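Convert by adding 19 to the 1-based position in the sequence shown; the result is the number in the working numbering.
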Amino acid sequence: MSTAYQEPAGADVTLDELYQDPYPAFRWFREHDPVPWIPAAGRYLVTRHRDIVFVDTHPEMFSADEQGSLVTRVMGHNMLRKDGAAHDRDRRAAEPALRPRIVKEHWTPRFQQNADDLIDGFIENGSGDLFRDFAGPLSARNLAAIMGLRDVADQDLQTWSQALIDGAGNYADDPDVWARCEAASLGVDAAIDAVIPYLQANPDGSVISAMLHADEPLAPDEIRANVKVFIGGGLNEPRDAVGVAAWATLTHPEVRRAVEADPTLWRRVFEEAVRWIAPIGMYPRQTTQEVELGGRVLPAGARLGVCAGSANRDETVFERPDEFDIDRPPAPHVAFGGGPHFCLGTWAARAQVAQIALPTLFRRLRGLRLDEQDPVRLGGWVFRGVLNLPAVWDA
Ligand code: HEM
């Protein structure tokens with residue numbers, strides 16, 4: 020997958036190089052300069068596994084509440100950009116909807132129904148882009164159910180999600196991006212406002228219901244900000260995990276044979292896929308004090324990019340880290356982050372991808388194979404995944 024890096028990456032690595040393939044540069048940084056200042060990103064990148072675990076588990080030194088955060092500007096102040104008691108309050112309110120037992124009993128049957136409905140709609144075609152026709156709409160439909168949103172079209176949720184993500188990364192201050200973001204924000208707010216009265220009177224297992232009926236209920240503007248972080252952060256990642264895991268399975272015949280013989284191995288395919296290509300490759304933090312990290316003294320207020328995508332390829336933790344290998348010895352990947360902001364949707368993601376999406380896709384689309392006329396493309400470093408998944412099967 021990764022090509023050999025030709026020149027020392029140093030501080031002059033461009034965002035385009037990182038977008039195309041960040042792994043050669045990450046490897047160089049881990050070995051030579053593990054916390055480099057990257058002018059193009061306006062951040063120090065934290066690239067080694069042990070330094071990232073240290074950052075994640077010392078929130079008093081590394082704040083998630085970044086000054087001037089675009090996430091906060093675009094979505095409103097939400098749990099992802101809060102620390103301490105304020106973070107705990109938002110997270111506690113949402114968390115009951117995403118506990119493993121609720122995921123198993125409440126959401127997993129919905130995930131199965133959604134996967135089957137989507138496949139019913141295109142199975143007769145015998146070919147299609149499984150990223151566009153399956154991974155994306157399935158993640159949208161599953162997320163709408165988990166949130167308690169009703170009558171929201173798959174495409175609207177995907178458009179809103181992309182607009183919010185683009186806004187959260189709009190360092191170039193592009194007015195078109197702000198306009199799309201504003202439209203998305205209005206759409207999300209209207210969808211939330213439409214369900215609040217119903218969920219107020221009829222609690223169900225959803226996230227919005229949990230926020231309304233928590234011991235310390237969230238106010239409507241707090242619900243709006245936190246729902247936006249779910250929409251920005253709970254759609255792309257399962258979509259990209261489905262895309263990468265399906266692509267890896269289709270290009271590794273030994274893995275395919277193994278999961279066809281023993282479907283419980285889909286769980287290992289999922290974990291290895293999010294280790295190999297972390298759907299969230301980078302997330303931000305800011306130092307609260309002067310601190311030494313990876314041999315570099317960082318001033319108070321320094322902006323960091325915590326590179327989960329690099330930690331998951333750290334050769335001191337994972338042997339042959341660039342290889343996709345479902346038999347590798349267990350080691351702790353950081354695809355779901357760590358510390359107080361550890362992904363709240365971890366169990367929902369495992370259920371929807373490993374338990375439902377992948378086994379259902381490979382079981383129902385007989386003779387599934389890649390369409391050799393149309394190559395699979397990958398992109399991204401802040402978020403990374405396949406950009407298409409053209410496939411054919413026996414209709
Ligand atoms: C494979 C799928 C997923 C991956 C790899 C992933 C990854 C992550 C990561 C790395 C973080 C930490 C970010 C940080 O510390 O700044 C995070 C946080 C979060 N994720 Fe996920 N995520 C996935 C799926 C989901 C899903 C399906 C949902 C919702 C249903 C979700 C909801 C959240 C929320 C609400 C947070 C913020 C938690 C907090 O701030 O306390 N995620 N996720």
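For glycine and all other residues, C-beta sits at the position ideal for the given N, C-alpha and C. From a predicted model like this one, the values you see are computed outputs, not experimental measurements.
As the crow flies, the alpha-carbon of E201 is around 36 Å from that of S146. The C-alpha of R120 is placed about 13 Å away from the C-alpha of S225.
For V274, the uninterrupted alpha helix (DSSP H) segment begins and ends at P272 to A280.
When secondary structure is reduced to three states using DSSP, L237 falls in the coil class, being assigned neither helix nor strand.
By the C-beta density criterion, V353 is buried, having at least 16 other C-beta atoms within 10 angstroms.
For R315, the three-state secondary structure derived from DSSP is strand. Scanning L387, V293 and L37 for the CA closest to the CA of V411 turns up L387. When the beta-carbon positions are compared, L323 and V65 come within less than 7 Å of each other. Between the stretch 291-304 and the stretch 337-349 there are three or more inter-stretch CB-CB distances shorter than 8 Å, so the stretches are counted as touching.
Straight through space, the alpha carbons of A220 and V54 are spaced by roughly 51 Å.
In the DSSP assignment, V74 falls within the unbroken alpha helix (DSSP H) covering H68 to D75.
Inter-residue distance for P282 and A267 is about 16 Å (C-alpha atoms, whole angstroms). With a 10 Å radius around the Cβ and a threshold of 16 neighbouring Cβ atoms, E256 comes out buried. Short of 7 Å from the beta carbon of A376, and not among the five residues preceding or following it, lie these beta carbons of its own chain, in chain order: A134, L157 and V261.
Close CB contacts of A112 within its chain, under the 6 Å cut and outside five residues either way in sequence, are with M230, A233 and L237 (chain order). Remark: the C-beta of I211 is outside contact range of the ligand HEM, defined as less than 6 Å to any heavy atom. The secondary-structure analysis by DSSP pairs W400 with nothing; it has no beta-bridge partner. Straight across, the Cα-Cα distance linking R332 with L397 is about 17 Å. The stretch 272-280 and the stretch 175-191 do not touch, with fewer than 3 CB-CB distances between them shorter than 8 Å.
Sixteen is the threshold: when 16 or more other Cβ atoms of the shown chains lie within 10 Å of the Cβ of Q305, as they do, the residue is buried. Where P340 is concerned, there is no enclosing beta strand (DSSP E), because DSSP gives it neither an H nor an E. By the C-beta density criterion, T379 is buried, having at least 16 other C-beta atoms within 10 angstroms.
Distance from the CA atom of Q131 to the CA atom of D148, rounded to whole angstroms, is 20 Å. Secondary structure of D135 (DSSP, three-state): helix. Nearest to D413 by C-alpha distance, out of V246, P58, R383 and E391, is R383. Put simply, the backbone Cα of R287 is about 21 Å away from that of L117.
Taking C-beta separations shorter than 6 Å and ignoring five residues to either side along the sequence, the partners of I296 in its chain run V263 and R403, following chain order. Only residues of its own chain outside the window of five on either side were considered, and among them L34 and G324 have a CB closer than 7 Å to the CB of A60, listed in chain order. The stretch 367-394 is shown to contain whole alpha helix (DSSP H) runs of 4 or more residues at 377-383, in chain order. Residue range Y302 to T306 is occupied by the beta strand (DSSP E) that includes Q305.
Per DSSP, the unbroken alpha helix (DSSP H) holding V226 starts and ends at V226 to L231. By the Cβ-count criterion, T270 is exposed, with fewer than 16 other Cβ atoms from all chains shown falling within 10 Å of its own Cβ. Residue state for S82 is assigned as strand, using DSSP reduced to three classes. With a contact defined as Cβ atoms closer than 8 Å, M301 and V401 qualify at about 5 Å.
Of the heavy atoms belonging to the ligand HEM, none sits nearer than 6 Å to the Cβ of H77. Within the stretch 133-208, the complete beta strand (DSSP E) runs of at least 3 residues fall at 146-148.
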